[in-house]
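Novice: Going down the list, the sequences are from chains A and B. 136 is the number of the first residue of the first sequence in the working numbering; add one for each residue after it. 73 is the number of the first residue of the second sequence in the working numbering; add one for each residue after it.
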Amino acid sequence: MKNILYFTISLLIISFLYAGQKRDMMIPDMLIKLIDGEQARLSSLLEDGPILVEFWATWCAPCKKEMIFLEEFHKKYSETGFRVLAISTDSPKSMSKVKSYIRAKKYSFLVGLDPNQEVAKKMNAMLLPTVVLIDSDRKVSWYHQGFVPGDEKEIEAQILKLLDLEHTNESEK
Amino acid sequence: MKRIILFITISSIYAQMSFTGNTETRIGESSSGYYYNETLINTNLQYGAFTNWIQLEYSDPPELGRSINGVRKLRLEYDNGPIQLKLGDLYEIWGRGLVLNSVDDQSIDRDTAIRGLTLIYNIDSFSSQFIAGKADISQSTINALGFNNRKHNYQVSHNLYGLNIQKLFGNHNLGFSFLQGLEKHPVNTFPSDTIDIKNQLHSLNYSYMNSLFDYYVEYIMSRSYEFEEETWKSHDNGKGMYGNLNLYFNLFSLNLEYINYRYATIDPISRFNIVDYYGHNQPYQNPPVAVYIHENILMNRISHQTDFNNEVGYKAELIGSFSENIEFLSIFSQSNRTHSWAMDENYMWKKDQKLSSFPSFNPVAMPFKEFYTELTFHTLQNNLFIKLGYADMKDIVDLLQNTVTDTSQSLTYSISSAKTVPLNLSYSFGNGWSIESKIELQWLKKGYRWYEEKNNQIIADSLMSIFLDDDGKRLDQEKNTFISFTVSKSPKWSLTLTSDKTSVKESFLENNSVVNPLEKLLGINQEKNWVNVEFVYHLTSTMRFSLLYGSLKGGLLCANGVCRIIEPFDDGFKVGLSTIF
Chain A
136 MKNILYFTIS LLIISFLYAG QKRDMMIPDM LIKLIDGEQA RLSSLLEDGP ILVEFWATWC
196 APCKKEMIFL EEFHKKYSET GFRVLAISTD SPKSMSKVKS YIRAKKYSFL VGLDPNQEVA
256 KKMNAMLLPT VVLIDSDRKV SWYHQGFVPG DEKEIEAQIL KLLDLEHTNE SEK
Chain B
73 MKRIILFITI SSIYAQMSFT GNTETRIGES SSGYYYNETL INTNLQYGAF TNWIQLEYSD
133 PPELGRSING VRKLRLEYDN GPIQLKLGDL YEIWGRGLVL NSVDDQSIDR DTAIRGLTLI
193 YNIDSFSSQF IAGKADISQS TINALGFNNR KHNYQVSHNL YGLNIQKLFG NHNLGFSFLQ
253 GLEKHPVNTF PSDTIDIKNQ LHSLNYSYMN SLFDYYVEYI MSRSYEFEEE TWKSHDNGKG
313 MYGNLNLYFN LFSLNLEYIN YRYATIDPIS RFNIVDYYGH NQPYQNPPVA VYIHENILMN
373 RISHQTDFNN EVGYKAELIG SFSENIEFLS IFSQSNRTHS WAMDENYMWK KDQKLSSFPS
433 FNPVAMPFKE FYTELTFHTL QNNLFIKLGY ADMKDIVDLL QNTVTDTSQS LTYSISSAKT
493 VPLNLSYSFG NGWSIESKIE LQWLKKGYRW YEEKNNQIIA DSLMSIFLDD DGKRLDQEKN
553 TFISFTVSKS PKWSLTLTSD KTSVKESFLE NNSVVNPLEK LLGINQEKNW VNVEFVYHLT
613 STMRFSLLYG SLKGGLLCAN GVCRIIEPFD DGFKVGLSTI F
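#1: Give the interface partners of residue 485 of chain B over in chain A, defined as CB-CB distance under 7 Å, in chain order.
#2: Which residues in chain B have a C-beta closer than 8 Å to the C-beta of residue 172 of chain A? List them in chain order.
#3: Mind pulling the chain B residues with CB within less than 8 Å of residue 194 of chain A?
#4: Quick one: which residues of the region 196-215 of chain B get their C-beta closer than 8 Å to a C-beta of chain A? List them in chain order.
#5: Do the region 317-330 of chain B and the region 379-393 of chain B meet, that is, are 3 or more Cβ pairs less than 8 Å apart?
#6: Measuring only between beta-carbons, confirm whether residue 580 of chain B sits less than 9 Å from chain A.
#7: Along the chain, where does the beta strand (DSSP E) containing residue 293 of chain B start, and where does it finish?
#8: For the alpha helix (DSSP H) holding residue 209 of chain A, just list the boundary residues, first then last.
#9: If you draw a straight line from the C-alpha of residue 527 of chain B to the C-alpha of residue 415 of chain B, how long is it?
#10: In three-state terms, what does DSSP make of residue 503 of chain B?
#11: Look at the Cβ atom of residue 183 of chain B, then the Cβ atom of residue 175 of chain B, and state whether they are nearer than 9 Å.
#12: Just how far apart, CA to CA, sit residue 120 of chain B and residue 232 of chain A?
#13: With C-beta atoms as the reference, is residue 604 of chain B less than 9 Å away from residue 196 of chain A?
#14: For residue 191 of chain A, which residues in the same chain have their Cβ closer than 8 Å to its Cβ, ignoring the five residues on either side in sequence?
#15: Suppose contacts are defined by Cβ-Cβ distances below 9 Å. Is residue 574 of chain B in contact with residue 553 of chain B by that definition?
#16: Does the Cβ of residue 483 of chain B have 16 or more other Cβ atoms within 10 Å, making it buried, or fewer, making it exposed?
#17: Below 8 Å on C-beta distance, what does residue 262 of chain A contact in chain B?
#18: Using the beta-carbon of each residue, which ones in chain A are nearer than 9 Å to residue 393 of chain B?
#19: Short of 9 Å Cβ to Cβ, which residues in the region 447-474 of chain B face chain E?
#20: From which residue to which residue does the alpha helix (DSSP H) around residue 376 of chain B run?
#21: Between which two residues does the beta strand (DSSP E) holding residue 258 of chain B run?
#22: Skipping 5 residues on each side, what residues in its chain have a beta carbon closer than 6 Å to that of residue 627 of chain B?
#23: Closer than 8 Å by C-beta to residue 580 of chain B: which residues in its own chain qualify, once you throw out the five before and the five after it? Chain order, please.
#24: What are the boundary residues of the beta strand (DSSP E) that includes residue 118 of chain B?
#25: Check each residue of the region 292-324 of chain B: if its Cβ is closer than 7 Å to any Cβ of chain A, include it; give the result in chain order.
#26: By Cβ distance below 6 Å, which residues in the same chain neighbour residue 215 of chain B in space, the five residues on each side in sequence not counted?
#27: Along the chain, which unbroken stretches of the beta strand (DSSP E) at least 3 residues long are found entirely within the region 140-206 of chain B?
#28: By a C-beta neighbour count over all protein chains shown, 10 Å radius and 16 as the cutoff for buried, is residue 419 of chain B buried or exposed?
#29: Along the chain, where does the alpha helix (DSSP H) containing residue 214 of chain A start, and where does it finish?
#30: Thinking C-beta only, is residue 506 of chain B closer than 9 Å to residue 96 of chain B?
#31: Can you tell me whether DSSP reads residue 302 of chain A as helix, strand or coil?
#32: Apart from the five residues just before and just after residue 185 of chain B, which ones in its own chain have a Cβ nearer than 8 Å to its Cβ?
#33: Identify every residue that forms a DSSP beta bridge with residue 442 of chain B.
#34: Quick check on DSSP: helix, strand or coil for residue 231 of chain A?
#35: Can a CB atom of chain B be found closer than 9 Å to the CB of residue 185 of chain A?
#36: Rounded to the nearest angstrom, how far is the Cβ of residue 588 of chain B from that of residue 643 of chain B, given a contact under 8 Å?
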C-alpha cells in the first residue's frame, strides 16, 4: 500500500504544477467519415465557425445523456456558424445501429464514424464521452472528459466563451 | 558550423510543428496480492502533411498483458489530398470487418495491429487501399501451456498483404477485398514446432443508401493451404456472409442484421481450440456478431461468446419515441451452429444434420437467444432521467453428450439462462449538484440438463443446477444485485458507492470476497458481496484523477463478442490519472 500512497502524492503534486501550464493545441486537418457516406476534412467543417466534437458509442449511457443537450446547443447556436459533430467510435460490431439510433432520436447535428479510433487518438480522446471544442483555426479551446448531469451548463458556458472570442476576433479583423 | 545549421534546421521545423498528447497512469494493489502499475503516453506530432503517433508504455506489470518499458506503438502518416501513406502500427477496417478489422482493445488485452505499411488512394467515387505487414497476435488459450488470466500464453505471427477497392455509383457502393496471410502456426508446446499455413480471403460487398432505408451485404470466401512436401496443399475452405438492413420510419427505426459464418465445423468440445484447429477464421478478422452489446454490468457478465468459425444468427432492433420525452428500444437476437452434433458408437463427435440458414432453438446446435427491451423517460428540462429495462437470455453453452439410435436419445448439455432488470435514475438539481443510482437485479440459472428418451417415452428430463447454498444443498438459481449510488458536483467531482452482491456460491468457482473495512463500516459482513467507493476529481478540464477503494467482483468481461475472465480485486486501492497536453 506504500507504493500507492507515494504514487498518489507525487501524482497530485505533478498534476497541480502541470495544471497551471497553458499552450495552444492544434488538431491535424484530418479526413472524417460522415454517416451519410461522405468524407470531410476538419478544416472544411470549420469554415462556418467553431465545432464541438463529442466522441461517443451506442453502448455508452453517459454519452447518450450528453447528446440530448448537445442537440439543444447545436440548434440554439447554429445561426452563429457553430455546429456539433458527434463521432461514433462504435466498432463494425455495433456500427450498423449508429444511423438507426440517430434517425430515431431525430438528431440534427453532424455525425461522424471512427470505428478504428484513429480520429479519437489524434484528438486525444481516451475516455467516452470526451468533448473537444475546436475554434475556426483548428485550435482546441476546451476539453471535457466524462459526463455527469450538470456538466451541460459548463459545456454551454464554454461554447459561449468561444463564440464571444471568435466574434471579437472577427470584429478586430 | 554543422551543429549550428542542424540546430537552426531542427528549431525551424519544431517551430512549425504541432504537438499534442495524452497520458494515462493506473496503479492498483489488493490485499490478495493483485498488483499493477502502468503508464501509457500517446504523442501526436504534426508537420505539414505528416503526422506521427508514438505510444510509450511503462508497466511493471500492467493490469493485463506483458510488461513493456519503451515504445509500444509507432506510426508515421503522410496525408496529402487523395493519397495517404501510413508506416508503422496499423489499425485498419475494411467494410464491416469480415476480411480485416485490426483492433487494440486494452480492456481485454486484444491487440491485432499490423506492423507495416498501407497506401490509400481516395477520390470522390473511388478508393483503394493496399496493405502489407506483419501481425504478431497473442491470445490466451487453455490448449497451450501456461494458461494465465492476465498474460497471453500463445502467439502466432502472420505476414499479410492485401487490397481493398471501393467504387461508388450514385447511391450504390460496390467493393472487393483480398487478403493473404502466411502463418507460422505453433502446434504444440515447443515453439520450434510450427506448421506453415497460407490463408486467403476474398470478399465482395455491396451497399445502397437512401433516406428511407439502407442496406449492406458482404460475402466472403476463405481458403487455407498447408505447406507439405515442398508444396502448398489445400487444407480447408470456408465462407461467410453478413447482411444489414435499416428501415427508417417517422417514429422509429428498425435495424436488422444477419450473420452466416461457415469457416469451419469443429466438434462441440474443440470449437474454441485455436492451437490444433487452424486455417479457419483469422484473428485479424473481427466481423459483426448477432449479440446486443449491453450497457449494464450483469448482462455483460453472461454475454454469449460468438463462435466466429461457425455461427448463423440474426438481430432485430427497434428504436423510437412515443413522445418527445419517452423513448423505447426492443431487441431480439438468436443464433446457433450450422449443424447439429451427435456421438457415434465410440462416443466420438460427428456432424449430424445441416441446419437451416435461419436459427432455431435446437439444443444439439448450441443455440442462443435473447430479448431485451427498455423505456427511457426524461423530463423537467431533462433534469430527471429514468431508464427501465428487461432482459431474458438463454444460452446452450456446451453440448456434452448426444447419442442417438433408432429408438433412443441421450442428451446432456450445459445451459445458462437469466432474467435481468436494470434501472437507472438520475436527477440534476440545476446548481451543479446531481444524484444518480443504478440498480440491476438478475435471476440466473446455470446447470446441466439431462434428457433421455427410449421408444418414444421420456425416461429423464432434469436440470442439475451448479449453485449450492452454504450447506452444500443445490439451489435453482442465483440472485445477483448490483447497486451504485453517485453524488456529483459538476464539473469538478463525483463520488460513487457500489455494491455487487451474489446470493450463492458457484459450485466450481472460488468467488467469495474478503470482507473489507468499508463493508464492515456499512454493516455488510458477507463473503458474497463486493463493495467499493470511487472518487473522481477533474483537476482541470484536461486532467482527471480517480481513486477507488474496496473490492471488485471480476468475472467475464466481453468487448465486441470477445470475452475474457477478469480476476477479482479484493480490499485494495486503484488510482488513475489521465491528462491531455
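All C-beta atoms in this analysis are idealised placements derived from N, C-alpha and C, irrespective of residue type, glycine included.
Specialist: So, from the listed chains and residues:
#1: Going along chain A, no residue has its Cβ under 7 Å from residue 485 of chain B, so there is no contact; the nearest lies around 27 Å.
#2: Result: 240, 245 and 281.
#3: Chain B residues near residue 194 of chain A: 365, 366 and 367.
#4: Residues: none.
#5: Yes, they touch.
#6: Its pLDDT being 49, under 50, residue 580 of chain B is placed unreliably by the model, and the measurement read from it follows with that caveat. For residue 580 of chain B, the answer is no, since every Cβ of chain A falls outside 9 Å of its Cβ.
#7: Run containing residue 293 of chain B: 285-300, per the beta strand (DSSP E) assignment.
#8: Start and end: 196-211.
#9: In a straight line, the C-alpha of residue 527 of chain B is about 19 Å away from that of residue 415 of chain B.
#10: Three-state result, residue 503 of chain B: coil.
#11: Between residue 183 of chain B and residue 175 of chain B, the C-beta spacing is below 9 Å.
#12: Straight-line Cα distance between these residues: approximately 36 Å.
#13: Against a cut-off of 9 Å, the Cβ pair of residue 196 of chain A and residue 604 of chain B comes out as no contact.
#14: Taken in chain order, the residues that qualify are 198, 199, 201, 202, 221, 222, 223, 224, 263 and 264.
#15: In this structure, residue 553 of chain B lies closer than 9 Å to residue 574 of chain B by Cβ.
#16: Per the 10 Å Cβ criterion, buried.
#17: Under the 8 Å cutoff, chain B gives 616 and 650.
#18: Contact annotation for residue 393 of chain B against chain A: 239, 240 and 241 [CB-CB distance below 9 Å, chain order].
#19: No chain E is part of this structure, whose protein chains are labelled A and B.
#20: Per DSSP, residue 376 of chain B lies in no alpha helix (DSSP H) and is assigned neither H nor E.
#21: Secondary structure note for residue 258 of chain B: its beta strand (DSSP E) is the uninterrupted segment 244-258.
#22: Counting only Cβ-Cβ distances below 6 Å, and skipping sequence neighbours, we find 373.
#23: In this prediction, residue 580 of chain B has a pLDDT of 49, which is less than 50 and means its spatial position is unreliable; what the coordinates show is noted afterwards. Answer for residue 580 of chain B: 538, listed in chain order.
#24: It spans 107-119 - the beta strand (DSSP E) in which residue 118 of chain B sits, taken as one unbroken run.
#25: Within the region 292-324 of chain B, the residues whose Cβ lies closer than 7 Å to some Cβ of chain A are 316, 318, 320 and 324, listed in chain order.
#26: Excluding five sequence positions before and after residue 215 of chain B, the CB atoms of its chain that fall closer than 6 Å to its own CB belong to 345 and 347, given in chain order.
#27: Taking only runs of at least 3 residues, the beta strand (DSSP E) segments lying wholly in the region 140-206 of chain B are 141-152, 155-162 and 186-195.
#28: Flag for residue 419 of chain B reads exposed.
#29: In the DSSP assignment, residue 214 of chain A falls outside any alpha helix (DSSP H), carrying neither H nor E.
#30: The criterion of a C-beta distance shorter than 9 Å is not satisfied by residue 96 of chain B and residue 506 of chain B.
#31: Here residue 302 of chain A sits in helix by DSSP.
#32: Cβ within range, chain order: 145, 161, 162, 163, 174, 176 and 207.
#33: Bridge partners of residue 442 of chain B: B/405 and B/465.
#34: Residue 231 of chain A: helix per DSSP, three-state reduction.
#35: No, residue 185 of chain A lies away from the interface with chain B (no Cβ there is under 9 Å from its Cβ).
#36: About 4 Å separates the CB atoms of residue 588 of chain B and residue 643 of chain B; that is less than 8 Å, so the two are in contact.
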